[in-house]
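Numbering (the numbering used here), first residue to last: 48 to 313.
The beta-carbon is built from N, C-alpha and C at its ideal position, and this holds for glycine as well.
Source: prediction; values computed, not measured.
Below: one structure, written as structure tokens.
As structure tokens, then:
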């Protein structure tokens, strides 16, 4: 015989008297499977790390942590940019919050073709969707970390032969005005680096990329300036942060540069 269901106390909904509002409260680093559509029309199946937060008024003791996971469960395998916005709206509504924040961090793969041999391989990029909502208006920021090659102009100038190079991580964090493929940001970075990276190279390809980088030397300052100039011309970009960290091959430290521009303020 079933036992009658008794009303259980809701401690989170009890009143807090400390009069201290919390800016962000929620769950951090929860892994979940997602599908992401790429520019070729295919869908990539990957695993994303989610951080999900809302604000908490001063008079509420706690938020309902289980509701964050329920929202992820309801969107299983169906997360796109549009459904990501929907999740933000739903999260604020379900948790009765004034503002919300979701981060979705995942590995994204691009099939690349070697420049001479034509062999194909996959290269991975770290991508983050960052969603913010206040009231009912969500905004999305896309962050992409692009590995690339940079070759030092000074080293090339002063050396009788050769020049030192480094692998760089170039990061674009972009607020968008309209639809933008992840590959659009990746392409932009790879065109402005000394040379792009490939997952697989044959010997003729290795010769090509070595010589291509040598003929296209760039300081860390050059990389961020050249990328920023292209972002300034792109009407799909409302604002951006572009960063480059060059992992030096002749020092035990990195070189770093950053440009930030909110185009809507100009």
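Delimiting residues of the alpha helix (DSSP H) encompassing residue i
i, result
"residue 290", "Here residue 290 belongs to no alpha helix (DSSP H); instead the beta strand (DSSP E) covers 284 to 294."
"residue 185", "Looking at the DSSP string, residue 185 is not in any alpha helix (DSSP H); the run it does join, the beta strand (DSSP E), is 184 to 198."
"residue 229", "229 to 239"
"residue 102", "Element bounds for residue 102: not the alpha helix (DSSP H) but the beta strand (DSSP E), 90 to 103."
"residue 113", "112 to 121"
Terminal residues of the beta strand (DSSP E) in which residue i lies
i, result
"residue 84", "69 to 84"
"residue 262", "Where residue 262 is concerned, there is no enclosing beta strand (DSSP E), given that its DSSP letter is neither H nor E."
"residue 277", "Careful: residue 277 lies outside any beta strand (DSSP E), inside the alpha helix (DSSP H) at 267 to 279."
"residue 306", "301 to 309"
Test item: CB-CB of residue i and residue j under 8 Å
i, j, result
"residue 189", "residue 172", "no"
"residue 95", "residue 116", "no"
"residue 275", "residue 306", "yes"
"residue 164", "residue 251", "yes"
"residue 233", "residue 287", "no"
"residue 67", "residue 105", "yes"
"residue 154", "residue 93", "yes"
"residue 161", "residue 75", "no"
"residue 175", "residue 145", "no"
Bridge partner(s) assigned by DSSP for residue i
i, result
"residue 65", "Residue 65 pairs with nothing; no bridge assigned."
"residue 218", "192, 290"
"residue 139", "DSSP lists no partner for residue 139."
"residue 145", "Note: residue 145 sits in no beta bridge, so no partner."
"residue 242", "196"
"residue 158", "169"
"residue 180", "147, 185"
"residue 153", "95, 174"
Alpha-carbon to alpha-carbon, residue j and residue i
i, j, result
"residue 102", "residue 222", "22 Å"
"residue 99", "residue 127", "16 Å"
"residue 310", "residue 224", "11 Å"
"residue 195", "residue 239", "9 Å"
"residue 203", "residue 130", "49 Å"
"residue 111", "residue 187", "24 Å"
"residue 197", "residue 210", "11 Å"
"residue 289", "residue 283", "16 Å"
"residue 54", "residue 72", "26 Å"
"residue 259", "residue 253", "10 Å"
"residue 235", "residue 159", "15 Å"
"residue 267", "residue 231", "21 Å"
"residue 182", "residue 137", "11 Å"
"residue 133", "residue 88", "22 Å"
"residue 166", "residue 296", "28 Å"
Cβ separation of residue i and residue j, assumed to be a contact under 8 Å, to the nearest whole Å
i, j, result
"residue 241", "residue 212", "7 Å"
"residue 270", "residue 217", "6 Å"
"residue 214", "residue 294", "5 Å"
"residue 170", "residue 244", "6 Å"
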